Amino acid sequence: MPHQFDFLVIGSGIAGLSYATKLAMHFENQDQAVRIGVITKVQADETNTKYAQGGIAAVWSEDDSFEKHIEDTMVAGDFLSDRHIVEIVVREAPQRIHELIDYGTRFDKEHGGDDYDLAKEGGHSDYRILHFKDITGAEIERALLEKAHSLKSIEIFTHFYAVELITRHHLGETVHRYDNNNQCYGAYVLNTQTGQVEKFLAKTTLLATGGIGNVYQNTTNPSIATGDGIAMAYRAKGICKDMEFIQFHPTALYEPGKKPNFLISEAVRGFGGVLKNMSGETFMENYDARLSLAPRDIVARAIDSEMKKTGDPHVFIDVTHCDYDRFVEHFPNITAYCRDHLGLDLRKDFIPVVPAQHYMCGGVRVNEFGQTNIHFLYAVGECACTGLHGANRLASNSLLEAVVFGHRAYLKTVENLGQSVIPDSIPDWNDAGTTHPEELILVTEIQRELEAIMSNYVGIVRSNRRLKRAMDRLELLYLEHEELYRQSKVSVRICELRNMIEIAYLVIKAAMSRRDNRGLHFNLDNVKTATVETE
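Its first residue numbered 21, the sequence shown is counted upward by one per residue in my numbering.
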């Protein structure tokens with residue numbers, strides 16, 4: 021028997037849980053029984069949200085203003101951000117964060133007072149980052165999961181992996197990407213405990229699947245970040261936008277061969293950390309007047325340039341001049357990790373750092389309520405392209421975007437209640453003629469080559485030649501993997517690799533289409549052109 025829900029949420033980070041919690045509270049307050057399914061491919065708290073260190077941005081003090089936060093976001097996004105969306109997110113931010121606090125989220129306060137200890141990060145003109153030590157995302161995830169578990173309408177399915185969205189295509193109908201005639205009815209989901217693909221039918225479905233980091237060799241994202249939601253939406257004829265804008269965090273800890281990379285939060289530079297090369301010299305003055313607090317795209321390219329000029333494998337962050345006790349108080353996790361894994365004493369040792377893939381600014385195109393071009397399919401969080409980030413995300417705007425759009429998607433879902441009907445004729449998953457592969461070494465080899473292609477040719481600095489080489493090599497990987505996929509029973513590893521190959525295609529195609537250098541996209545051969553959508 022298929023699982024039948026009123027609302028299906030794919031992903032259990034801040035975006036998915038914000039949406040599910042709001043829905044559950046709404047209907048429980050009305051004594052109305054609904055069924056909300058939340059699926060996550062591993063344990064519920066293993067999300068991109070959990071690994072967000074720095075904090076969540078909002079205008080919180082009287083010295084700050086919405087106008088300043090809006091302008092900072094527009095500047096960071098190289099003015100490709102949708103100003104209407106930026107204004108919505110910035111102005112709704114304080115109320116959404118108050119709700120997180122009401123759910124039990126803790127943020128650090130100043131010594132001996134009730135005022136929050138606001139931090140400042142790169143690209144921000146004022147102190148507006150609420151944080152909890154250097155594990156803000158994990159604290160928000162904890163509070164949201166506790167709230168979700170307290171609501172009887174929410175069922176969380178761990179170790180369930182979404183394989184495909186169910187749309188009109190599965191009813192035998194022909195759908196096109198721009199025809200506005202498609203509809204989502206849920207998803208085919210792999211129960212990883214039984215190996216069976218089950219139908220999770222729903223009147224409304226929300227994608228909250230996080231990022232794409234594992235397409236690259238170096239990433240701060242957890243191993244689950246394989247672009248599943250974006251790839252599923254694209255195959256279902258969803259429109260994807262701004263896929264060329266891949267944010268590389270400038271300062272991931274340099275640990276050769278380790279994946280994911282441990283993140284050295286942007287807040288470390290906001291606290292006073294200074295970037296230096298391996299000779300111990302500062303260099304940011306050669307690239308930007310904001311020095312170590314310049315936006316991430318500028319800092320990442322500056323570090324990349326320094327490493328290429330010198331041939332050095334990394335640069336440093338120097339915090340030896342900072343108040344050590346206060347630093348440990350603000351960054352206990354970073355301090356302990358550097359000490360325990362690299363033997364660093366931050367009172368005298370510099371922190372070795374390199375850029376690593378960190379965030380996808382593009383994704384499934386949505387409107388101001390998180391609606392995609394597929395009816396009754398929403399996308400929120402990193403897998404969505406809302407227009408907030410433009411060509412580059414401002415630090416600590418990601419958790420904010422997720423909670424604001426989780427709320428707005430909830431509002432539109434309630435408004436459209438009762439308009440969706442699930443047909444009786446949706447077929448079961450058909451894997452006739454497939455077998456379990458005897459070995460998965462081919463998956464490992466293809467993934468390793470994919471990571472090399474993306475890191476070498478579609479990284480911080482690109483060129484037309486590099487992009488063409490990447491696309492040519494990717495086509496061979498695609499053909500090789502598609503043959504394996506058609507012959508094999510569904511498995512997480514095979515499906516994740518399929519999704520990552522499709523994500524790589526979307527990134528490369530968007531990068532090849534853009535003819536100007538904006539924000540995170542830097543092509544040595546570029547001239548100016550307009551924004552692009554991916555067919």
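In this text, a Cβ means the ideal position worked out from N, Cα and C, and glycines have one as well.
In this text, all values refer to a predicted model and were calculated from it rather than measured experimentally.
Does the beta-carbon of residue 413 have 16 or more other beta-carbons within 10 angstroms, so that it is buried, or is it exposed? Residue mapping note: residue 413 aligns to position 393 of the sequence shown, counting from 1. Label assigned to residue 413: buried.
Mind reading off the beta-carbon distance from residue 64 to residue 226? Whole number of angstroms is fine, and I expect it under 8 Å. Here residue 64 corresponds to residue number 44 of the sequence shown, with the count starting at 1. Here residue 226 corresponds to residue number 206 of the sequence shown, with the count starting at 1. With a Cβ gap of about 16 Å, residue 64 and residue 226 do not count as contacting.
Residue 101 to residue 95 span [Cα, whole Å]: Residue 101 sits at position 81 when you count from the first residue of the sequence shown. Residue 95 sits at position 75 when you count from the first residue of the sequence shown. Approximately 9 Å, taken between the alpha carbons.
6 Å CB neighbourhood of residue 113 in its chain, flanking five on each side removed: Walking along the sequence shown from the start, residue 113 turns up at place 93. Taken in chain order, the residues that qualify are 78, 420.
What separation, rounded to the nearest whole angstrom, lies between the Cα atoms of residue 298 and residue 323? Position 278 of the sequence shown, counting from 1, holds the residue named residue 298. Position 303 of the sequence shown, counting from 1, holds the residue named residue 323. One C-alpha to the other measures close to 11 Å.
Per-residue DSSP class, three states only, for residue 126: One-based indexing of the sequence shown puts residue 126 at position 106. In the structure shown, residue 126 sits in coil (DSSP, three-state: anything other than H, G, I, E or B).
So, is residue 28 buried or exposed, given that buried needs 16 or more other C-beta atoms within 10 angstroms? The sequence position of residue 28 within the sequence shown is 8, counting from 1. By the 10 Å Cβ count, residue 28 comes out buried.
Where does residue 306 land, buried or exposed, given buried means 16+ other C-beta within 10 angstroms? In the sequence shown, counting from the first residue as 1, residue 306 sits at position 286. The residue is exposed, with fewer than 16 neighbouring Cβ atoms inside 10 Å.
May I ask which residues mark the beginning and end of the beta strand (DSSP E) holding residue 59? Within the sequence shown, the letter at position 39 stands for residue 59. Start and end: 56–60.
Using only the alpha-carbon positions, how far apart do residue 389 and residue 424 sit? As a first step, residue 389 is located in the sequence shown; it is residue number 369 there, counting from the start. As a first step, residue 424 is located in the sequence shown; it is residue number 404 there, counting from the start. If I take the Cα positions, the gap works out to 9 Å.
In chain order, which continuous runs of the beta strand (DSSP E) of length 3 or greater are located wholly inside the region 267–326? 294–296
Do three or more CB pairs link the region 103–112 to the region 38–55 at distances below 8 Å? no
For residue 202, which residues of its own chain have a beta-carbon under 6 Å away from its beta-carbon, when the five flanking residues on both sides are left out? Counting from one through the sequence shown, the residue named residue 202 turns up at place 182. Answer for residue 202: 187, 188, 195, 257, 394, listed in chain order.
For residue 550, which residues in the same chain have their Cβ closer than 7 Å to its Cβ, ignoring the five residues on either side in sequence? For the purposes of this step, residue 550 is taken as residue 530 along the sequence shown, with counting starting at 1. Only weak support is given to the placement of residue 550: the predicted model assigns it a pLDDT of 43, under 50, and the question is left unresolved by the model.
For residue 453, tell me which candidate among 199, 462, 509 has the shortest Cα-Cα distance. As a working note, residue 453 is residue 433 in the sequence shown. Among 199, 462, 509, the Cα nearest to that of residue 453 belongs to 509.
Please name the residue, chosen from 124, 131, 142, that lies closest to residue 162 on a Cα-to-Cα basis. On the sequence shown, residue 162 is found 142 positions in, with the first residue counted as 1. When only C-alpha atoms are compared, the closest one is 124.
Proximity below 7 Å, CB of residue 483 to CB of residue 237: Here the question's residue 483 lines up with position 463 in the sequence shown. Here the question's residue 237 lines up with position 217 in the sequence shown. Not in contact: residue 483 and residue 237 (Cβ atoms no closer than 7 Å).
One question on the structure: do residue 585 and residue 391 come within less than 7 Å of each other, judged by their Cβ atoms? No information on residue 585 is available, as it lies outside the stretch 21 to 555 that the chain covers here.
For residue 379, which residues from the same chain have a beta carbon less than 7 Å from its beta carbon, with the 5 sequence-adjacent residues on both sides left out? What you label residue 379 is simply residue 359 of the sequence shown in a count that begins at 1. So the qualifying residues of the chain are 231, 267, 402, 413, 418.
Would you mind sorting residue 520 into buried or exposed? The rule is 16 or more other CB atoms within 10 Å of its CB. Residue mapping note: residue 520 aligns to position 500 of the sequence shown, counting from 1. When all chains shown are included, residue 520 counts as buried.
Compute the distance between the beta-carbons of residue 400 and residue 35, then report whether it is under 7 Å. Walking along the sequence shown from the start, residue 400 turns up at place 380. Walking along the sequence shown from the start, residue 35 turns up at place 15. It is a contact, given that the beta carbons lie within the stated cut-off.
Cα-Cα separation between residue 490 and residue 372, rounded to whole angstroms: As a working note, residue 490 is residue 470 in the sequence shown. As a working note, residue 372 is residue 352 in the sequence shown. Answer to the nearest angstrom: the Cα atoms are 29 Å apart.
Three-state secondary structure (DSSP) at residue 555? Taking the sequence shown and counting its residues from 1, one reaches residue 555 at position 535. Low confidence applies here, because residue 555 scores a pLDDT of 44, under 50, leaving its location unreliable; read the following figure in that light. Correct three-state label for residue 555: coil.
Roughly how many whole angstroms lie between the Cα atoms of residue 332 and residue 252? Translated into the one-based positions of the sequence shown, residue 332 becomes position 312. Translated into the one-based positions of the sequence shown, residue 252 becomes position 232. Roughly 39 Å separates the two Cα atoms.
Mark residue 548 as exposed unless 16 or more other C-beta atoms lie within 10 angstroms of its C-beta, in which case mark it buried. Translated into the one-based positions of the sequence shown, residue 548 becomes position 528. The predicted position of residue 548 is uncertain, since its pLDDT is 49 and thus under 50; no value can be drawn from it.
Three-state secondary structure (DSSP) of residue 442: Counting from one through the sequence shown, the residue named residue 442 turns up at place 422. In this structure, residue 442 counts as coil in the three-state DSSP scheme.
From the DSSP output, in three-state form, read off residue 203 for me. Start at 1 with the first residue of the sequence shown, and residue 203 comes out as number 183. In the structure shown, residue 203 sits in a strand (DSSP, three-state: E or B).
Please classify residue 455 as buried or exposed, where buried requires at least 16 other C-beta atoms within 10 Å of its C-beta. In the sequence shown, the residue the question calls residue 455 occupies position 435. With fewer than 16 other Cβ atoms within 10 Å, it is exposed.
Return the chain-ordered list of same chain residues with a C-beta closer than 8 Å to the C-beta of residue 357, the five sequence neighbours on each side being excluded. On the sequence shown, position 337 is the one that residue 357 refers to. Taken in chain order, the residues that qualify are 273, 282.
Spatial neighbours of residue 145 within its chain, please: C-beta separation below 7 Å, excluding the five flanking residues on both sides. Along the sequence shown, one-based indexing puts residue 145 at 125. Around residue 145: 88, 92.
Can you tell me where the alpha helix (DSSP H) holding residue 46 begins and where it ends? The residue you call residue 46 lines up with position 26 of the sequence shown. First-last of the alpha helix (DSSP H) with residue 46: 34–49.
Please report the residue range of the beta strand (DSSP E) in which residue 383 lies. The count along the sequence shown starts at 1 and reaches residue 383 at position 363. From DSSP, the beta strand (DSSP E) with residue 383 extends over 383–385.
Identify every residue that forms a DSSP beta bridge with residue 338. Position 318 of the sequence shown, counting from 1, holds the residue named residue 338. For residue 338, which the question treats as bridged, DSSP gives the partners 294.
Supposed contact pair residue 149 and residue 139 - C-beta distance, whole angstroms, cut 8 Å: Position 119 of the sequence shown, counting from 1, holds the residue named residue 139. Position 129 of the sequence shown, counting from 1, holds the residue named residue 149. Correct: roughly 4 Å between the Cβ atoms.
Under a three-way DSSP split, which group does residue 545 fall into? To locate residue 545, count along the sequence shown from 1; it is residue 525. Coil, per DSSP.
Cβ neighbours of residue 500 in the same chain (closer than 6 Å, five flanking residues each side left out): On the sequence shown, position 480 is the one that residue 500 refers to. So no residue of the chain qualifies.
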